[in-house]
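Trainee:
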Amino acid sequence: MTAAVAAPTPDYAFVAASLDRAEHLRLQPAALEALRAAARCIVVDDDGRAPVGDGDGLWMPDAGALPRDAWQHAVFLGLDGDGHGWFACDAADVPDTPDGTWVDLRSAAAQWPALQATAFAQARAVLHWRRRHRYCGACGARLEYVRAGWLGVCTGCSAEHYPRTDPAVIVAVSDGQRLLLGRQPGWPPRRWSVLAGFVEPGETLEQTITREVWEESGVRVRRARYVGSQPWPFPSSLMLGFEALAEPDEPRPNDDELEDARWFTREEIGAALDGTGGDDGLLLSPGISISRWLITHWHREGALRE
Numbered sequence: 000m001t002a003a004v005a006a007p008t009p010d011y012a013f014v015a016a017s018l019d020r021a022e023h024l025r026l027q028p029a030a031l032e033a034l035r036a037a038a039r040c041i042v043v044d045d046d047g048r049a050p051v052g053d054g055d056g057l058w059m060p061d062a063g064a065l066p067r068d069a070w071q072h073a074v075f076l077g078l079d080g081d082g083h084g085w086f087a088c089d090a091a092d093v094p095d096t097p098d099g100t101w102v103d104l105r106s107a108a109a110q111w112p113a114l115q116a117t118a119f120a121q122a123r124a125v126l127h128w129r130r131r132h133r134y135c136g137a138c139g140a141r142l143e144y145v146r147a148g149w150l151g152v153c154t155g156c157s158a159e160h161y162p163r164t165d166p167a168v169i170v171a172v173s174d175g176q177r178l179l180l181g182r183q184p185g186w187p188p189r190r191w192s193v194l195a196g197f198v199e200p201g202e203t204l205e206q207t208i209t210r211e212v213w214e215e216s217g218v219r220v221r222r223a224r225y226v227g228s229q230p231w232p233f234p235s236s237l238m239l240g241f242e243a244l245a246e247p248d249e250p251r252p253n254d255d256e257l258e259d260a261r262w263f264t265r266e267e268i269g270a271a272l273d274g275t276g277g278d279d280g281l282l283l284s285p286g287i288s289i290s291r292w293l294i295t296h297w298h299r300e301g302a303l304r305e
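This is the structure in structure tokens:
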């Protein structure tokens, strides 16, 4: 039997160098305690920022010196390649945090090593959920967190609450020759990106693509194919990337969602990608996002065919 070959890691953020989540350790408090001496702790504040340390990288406290309450509230993220445990800590629980720079996740993704940025994304997402789910949505009683921080159990009705992830499709729509891009109100001048939208209850991903593209642009999708995904913890999305073939309809942007939508030629996209578009050329999504990768993939690989 031929061994499986791992798919190449895409070059957008929050995917490469992910931790081994070691889910079995979430029910082994003694094993987690044994990791403490060499543990890495990512500190995240209420605004989703982490502190910067020496060399402009991630600052992490000495886990062994953390107060007992802070350690008990820490969320176990997983193990790195050297077997070190990584944890997420709320800044409010950690004394003596740095007075210097705190960086947001988008900035960290563009500057930090992949391991730090990917772990920061995981920490930000789970701590955001914890901060906004302190009480039971069924009876209103306080939640108690177990399974190393990944499960909230209601102290009143015993209902179980797990971290929420909101699936969203993001799609490079082509008519076979051109790429459909849209602009949201408030974006910088000349900024364009592929279309995206959240999956609704009882809807397939393909149905979401057809509905969202039609609602936002008035363009009819004929078929779509999945090509990749990206965790997007702003605050808790999972972006499911597709390429789609559509009718060459004249875009009619929905004013409630898009300021404008239009088709772009391969030459226009190429100029934007290589920076030769000049002062009047379009600006594309930052390189940390799957949206930029979808545009590059379309330009390099060509449009989806029948």
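Heads up: the sequence shown is residues 0 to 305, going by numbering that gives the first Met the number 0. Glycine included, every Cβ here is placed at the ideal spot set by N, Cα and C.
1. Quick check: what's the CA-CA separation for R39 versus P66?
2. Just checking, does the segment 162-173 make contact with the segment 201-214 on the three C-beta pairs under 8 Å criterion?
3. In whole angstroms, what is the alpha-carbon distance linking S106 and L244?
4. Could you name the residues that DSSP lists as bridge partners for P66?
5. For the segment 44-114, list the beta strand (DSSP E) runs that are entirely contained and at least 3 residues long, ordered along the chain.
6. Measuring only from the beta carbon, is V226 closer than 7 Å to any heavy atom that is part of the ligand ADP?
7. Pull up the distance between the alpha-carbon of R82 and that of E242, whole angstroms please.
8. Quick check: P247 and D165, are their CB atoms within less than 8 Å of each other?
9. Can you list, in chain order, the residues of its chain whose CB lies under 6 Å from that of A271, leaving out five sequence neighbours each side?
10. Please list the terminal residues of the continuous beta strand (DSSP E) segment that includes L178.
11. Based on the DSSP secondary-structure assignment, which residues constitute the bridge partners of I41?
12. Hey, would you say F119 sits closer than 8 Å to L57, going by beta carbons?
13. Could you compute how far the alpha carbon of E199 sits from the alpha carbon of H132?
14. Rounded to whole angstroms, what is the Cα-Cα separation between D61 and G196?
15. Below 8 Å, how does it come out for the segment 77-95 and the segment 13-33: are there three or more Cβ pairs, yes or no?
16. Rounded to whole angstroms, what is the Cα-Cα separation between M0 and S228?
17. On the DSSP bridge list, what partners appear for G240?
18. Whose C-beta lies closer than 6 Å to the C-beta of S236 among residues of the same chain, with five residues either side of it excluded?
19. If distances are taken between C-alpha atoms only, which option among G201, A223, A49 comes closest to T100?
20. Beta strand (DSSP E) containing R261: first to last residue?
21. Is it buried or exposed for Q121, if we count other Cβ within 10 angstroms and need 16 for buried?
22. Please say whether A108 and I289 have beta carbons closer to each other than 8 Å?
23. Less than 7 Å between C-beta atoms, sequence neighbours within five positions excluded: which residues of the same chain meet that for A3?
24. Pull up the DSSP beta-bridge partners for C153, would you.
25. For Y161, collect the residues of the same chain with a Cβ closer than 8 Å to its Cβ; drop the 5 residues on either side in sequence, then sort them by chain order.
26. Could you spell out the range, first to last residue, of the beta strand (DSSP E) harbouring L204?
27. Which residues in the same chain have their Cβ closer than 8 Å to the Cβ of Y11, if we skip the five residues on either side of it in sequence?
28. Can you tell me whether T117 is buried or exposed? The criterion is at least 16 other CB atoms within 10 Å of its CB, across all chains shown.
Mentor: This is what the structure holds:
1. 15 Å
2. yes
3. Their backbone Cα atoms lie some 34 Å apart in a straight line.
4. Answer by DSSP bridge pairing: none, since P66 is not bridged.
5. 74-78, 84-89
6. The ligand ADP is absent from the structure shown, which contains no ligand whatsoever.
7. According to the sequence displayed, residue 82 carries Gly and not Arg. Going by C-alpha positions, G82 is about 38 Å away from E242.
8. In this structure, D165 does not lie closer than 8 Å to P247 by Cβ.
9. G280, L281, L283
10. 178-182
11. A87
12. yes
13. 22 Å
14. 41 Å
15. Yes: at least three Cβ pairs fall under 8 Å.
16. The pLDDT assigned to M0 is 38, lower than 50, so where the model puts this residue is not dependable, and the model offers no usable value.
17. I169, G227
18. D165, A167
19. A49
20. 259-263
21. buried
22. no
23. Its pLDDT being 43, under 50, A3 is placed unreliably by the model, and the measurement read from it follows with that caveat. Taken in chain order, the list of residues that qualify is empty.
24. For C153, which the question treats as bridged, DSSP gives the partners L142.
25. W149, L150, G151
26. Run containing L204: none in the beta strand (DSSP E); it sits in the alpha helix (DSSP H), 204-216.
27. Q229, G286, I287, S288, I289, R291, W292
28. buried
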